[in-house]
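Notes to accompany the following structure.
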Amino acid sequence: MTRFSIVATFVAFIVPLVSSQPASTSPSKTGPYNYGFDPYHKIQKRATDGPIFVEGIPVPDNVEPPVRPEIRQLRNDKYGWNLYLLALSMLQYTDQDDPLSYYQLAGIHGIPFQSWNGVEPKSKQTKNTGYCTHASVLFPTWHRPYLALFEKSLYTYAQEIASWYPNETERNSYIQAAKTWRMPYWDWALDPPDDESIFIPEFTTSGIRVNGPAGTQYIANPLYSYRFNPLDTSSFHYVGFQSWRSTQRYPTSNNADAVSQNTLAAKELDAQTNSLQQRIFTLLSRNEGYHAFSSKVFNSTEGRPHESIEAIHDVIHVSTGGRGHLYYIPFSAFDPIFFLHHTNVDRLTAIWQTMYPDEWITQYPAGENSYTTEVGDMVDANTPLTPFYSDAEGNFWTSNMARDTRVFGYVYEDTLGFPLNTSSASMSRKTLVSAIVTKYGHAGVGGIINAKQRRDTGADPRRWRTKFRVQEGKTLDTAPDFSRHSLIPDPPAEAIMNGDKYYEWLVNVNVPNRALESTFAIHFFLGPPPENVHQWGSARNLVGSVSVFAMLGMGNPKNQVVGTVPLTSALLKIISMGWVLSLDEQNVLPFLQKNLHVRVAKDSTQAIEPDKVPGLVIKIAKAEVKISATGEELPSWGPVQDLFTLPPTSK
C-alpha cells in the first residue's frame, strides 16, 4: 500500500462518493453539504513515499497552543461550530478506501481488523483485534496520537472550507477561526442546565442546520451517526451489525430499518451523573500511582481494587451505546461520540498529570491483546504506540514522547500554561482544585459543607436524634430518588462530619474481564430495583454501575478488572430523608446490608443472575477522608477498609 504523510492529509485514493448529490434545505431529506462543486477535487493532493506520520498542528515557537473546547462552548462560536460540522461531515463522506477517511481512521481501533499504515499484526493471536491498548497502562497515551491524527484531519479540511466562503468579510472571519480551531471534547460529567440532558440535543437529531460557503443548508448530522458506504458485511458479520447501514445507539431491532433510541441513551447517562462526578472527583483526589489511574486491570501485588480512568470511560460506552456500535469494542470508534468521549478522557488524563506531575508509566504486562501486543507482554513508557509513526523514517510515537499535549499543538483550559512533563506543573494545583471542586465535587460531602447547603439543626441535636429512633434499621420497600433533579442533601454537620473528617463509602468490584465473553454492566441500587432489565440503567434509585467493556478473544480469561461505585452522595440523601442517622459505620453498615442490591445486564438487554457471573467479587468499604481547611487542596484519603462482602445474588 502506498502511504502518505499526515501533513499531506487526504492526498490519495480520494474518490468523491456523494458530492454530486445535493444537500437538502428541508429536514425531510438530508445528505452532505452541497458546495456547488466537488470539494474533494479542490483539495491539493501531495503524495510522498513515506508512511503516514502523526504531526501536531503547527504552533509558533514560544506561543501556548490553542485550547480544545468543550462541545457546548464550541456550539456558541458560530465560526468554529460551522467549521466543525462541515469538516466532520466531509471526513465522513470521504471514500472509505482512503487511509485517512473517517472509515479507516475509526477502523484503527477495531474492525475491520486490518493492517493500517503498513503495520502488521504481531501474531495469529492478535490479528482479530484492533490496535487500541485496552486493560493497559498505555490506554491513555495510546489515544493521544490517535486523537491527534483525527484532529489534524479535521483541521486540514477546516482550513480548506474556510477559504471557500465567497464573501470577503465572512471568509476572513472563518479563516481566522480556522487558524486556532481545535477538536472539541464532551464533558459527560458536567452538569447541564436544569431542563437539559447531559446527552446534548445535537446527538439526537438526524439532520442539522449549518452555514457553509454556499449558504445555510440542512445536512445529515455528522454527530448523530456515521453512514457506511459501502457496509462491509464480511467484517461486520455480527447479528445486527451486518444489517445496519449507519451507526446505532439503542437500536430498535437487528434489521436494516432499525433506528437509534437516543432518548434511552440520555436517560441512562443522566442516571449516572452523580456517580460519574464522584468517581472523577475520587480519581483526581486519590493518587494511587499511574498504573492505578490508567488501567482497570487488577494489580495483585497491590491487593485492592482501585478507580481508574479506563473503568470510568467504560461506563460512557455502555450507557450511551446500548447494544449499538459504541457498546462493543470492535465497532465503537465508528460512532461520532467516540472521539468526543475520548478527547474528554485525554483531558482528564492531562488534569491528573498536572495534579501529579512526578507520576508516570512504569513497566507492567499488557492485560489484553492488541493488534501488535499479546497478553502478558511487558510495556512501558518507551513502548511503540502503533500504528502511529512520529516521522517519515518509521519511528513510532511513545508515551514519553506524547507526555505533553503541546507536542500535538493543543492544551485544555484546565492545563493552560502548565507543562505536563515537569514538576513545575504542581504550581497549578490551587487553580485546578477550584475547577475540579466546582465541576465534580458538589455532590459529595466537601461540596455540601463548602456550599453550606445543610439544614440548621445543630442548635437542637436532640430533635434530629429523636427522629431517627423511629427510622433506624429501616428496610426500604420503595425506591428513593437519587437522580440529579432530586432532593439536595441537607443533613446537619454532626451527621456527616467528625471535626474535619468524614467517612467515604464505596463498592469495590473485582471481576474477570471475559466473565461473560461480552460487554456487561453491574448495577447497584439502594431499595428495590425495577423488575424490567431495560429499566435498570435509568432507575431513580440507581447508585452507580461498573461497566465491563469487553470483547471475545482480546484477553486472558482469568484477567481481573476492577471498578468502584461511590455510595456517599446517595447516603447523604438517605440521611436527609431520615433513614440513617450518620455516616458512621454503626449506622451505615446495617442499612447497606439490608438495602444494597446488585443486578447484572449483559448486552444491555439480558438479565444475568449475579451468582452466575464467574469470579465476581463485591465488597463494601469505607475510608476516612479529611477535608482541606482552606479549600485549596482536594480531600485527603486514608486507607480503604473492606467491611463485608456483598453476596452476588439478586436478593
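Using mature numbering (1 follows the signal peptide of the UniProt record, and there is no 0), the letters of the sequence shown map in sequence onto residues -20 to -1, 1 to 631. Note that beta-carbon positions come from the ideal geometry of N, C-alpha and C, so glycine has one too.
Can you tell me whether residue i is buried or exposed, with buried defined as 16 or more other CB within 10 angstroms of its CB?
i: A236; result: exposed
i: E348; result: buried
i: G426; result: buried
i: V43; result: exposed
i: S116; result: buried
i: L66; result: buried
i: F17; result: exposed
i: F164; result: Sequence inspection shows Pro at residue 164; the Phe mentioned does not correspond to that position. Classification of P164: buried, given that the 10 Å Cβ count is 16 or more.
i: G87; result: buried
i: T418; result: exposed
i: T(-12); result: Only weak support exists for where T(-12) lies, its pLDDT of 35 falling under 50; the value from the coordinates is given anyway. It is buried - the Cβ of T(-12) has at least 16 other Cβ atoms within 10 Å.
i: V219; result: exposed
i: V620; result: buried
i: A530; result: buried
i: P509; result: buried
i: G424; result: buried
i: P181; result: exposed
i: G110; result: buried
i: S414; result: exposed
i: T458; result: exposed
Could you tell me the alpha carbon to alpha carbon distance between residue i and residue j, rounded to whole angstroms?
i: L328; j: R229; result: 25 Å
i: K159; j: Q139; result: 7 Å
i: A372; j: V47; result: 28 Å
i: Q515; j: D583; result: 14 Å
i: D77; j: N209; result: 10 Å
i: L203; j: P316; result: 5 Å
i: V99; j: F376; result: 11 Å
i: T106; j: F93; result: 9 Å
i: T149; j: E290; result: 45 Å
i: P460; j: I600; result: 20 Å
i: residue 669; j: E248; result: This structure gives no information on residue 669, because the portion of the chain shown stretches from -20 to 631.
i: T334; j: H114; result: 23 Å
i: A501; j: V528; result: 6 Å
i: P615; j: N488; result: 20 Å
i: P173; j: W166; result: 15 Å
i: G618; j: N152; result: 56 Å
i: T121; j: T342; result: 13 Å
i: F216; j: T585; result: 21 Å
i: I260; j: N147; result: 46 Å
i: G389; j: L320; result: 17 Å
Any idea what DSSP makes of residue i, helix, strand or coil?
i: R48; result: strand
i: T74; result: coil
i: G524; result: strand
i: Y154; result: helix
i: A501; result: strand
i: V597; result: strand
i: E484; result: strand
i: S616; result: strand
i: F221; result: coil
i: H577; result: strand
i: K606; result: strand
i: T121; result: helix
i: L170; result: coil
For residue i, which residues of its own chain have a beta-carbon under 8 Å away from its beta-carbon, when the five flanking residues on both sides are left out?
i: P345; result: V355, G356, D357, M358, V359
i: K102; result: Y351, T352, T353, E354
i: S186; result: T10, A200, N201, Y204, S205
What does DSSP give as the partner residue(s) for residue i in the beta ladder?
i: P345; result: M358
i: W516; result: None, per the DSSP bridge assignment.
i: S350; result: T353
i: S226; result: R207
i: I188; result: I199
i: G543; result: V489
i: A587; result: A581
i: D564; result: D564 is not bridged to any residue.
i: N108; result: Beta-bridge pairing links N108 to no other residue.
i: Q621; result: K602
For residue i, I'd like the list of residues in its chain whose CB is within less than 6 Å of its CB, leaving aside the five on either flank, ordered along the chain.
i: R55; result: W61
i: P231; result: A238, G304
i: I554; result: V560
Which residues in the same chain as residue i place their Cβ atom closer than 7 Å to its Cβ, once the five residues preceding and following it in sequence are excluded?
i: P594; result: P492, A495
i: L306; result: R229, H297, T300, S312, D315, I317, F318
i: T262; result: E287, P546
i: P45; result: V39, R386, G389, Y390, V391
i: S406; result: Caution applies to S406, whose pLDDT of 49 falls short of 50 and renders its modelled position unreliable; the model cannot decide the point.
If you measure from the beta carbon of residue i to each beta carbon in chain C, is any gap under 7 Å?
i: G397; result: In the structure shown, chain C cannot be found, because there is only a single protein chain.
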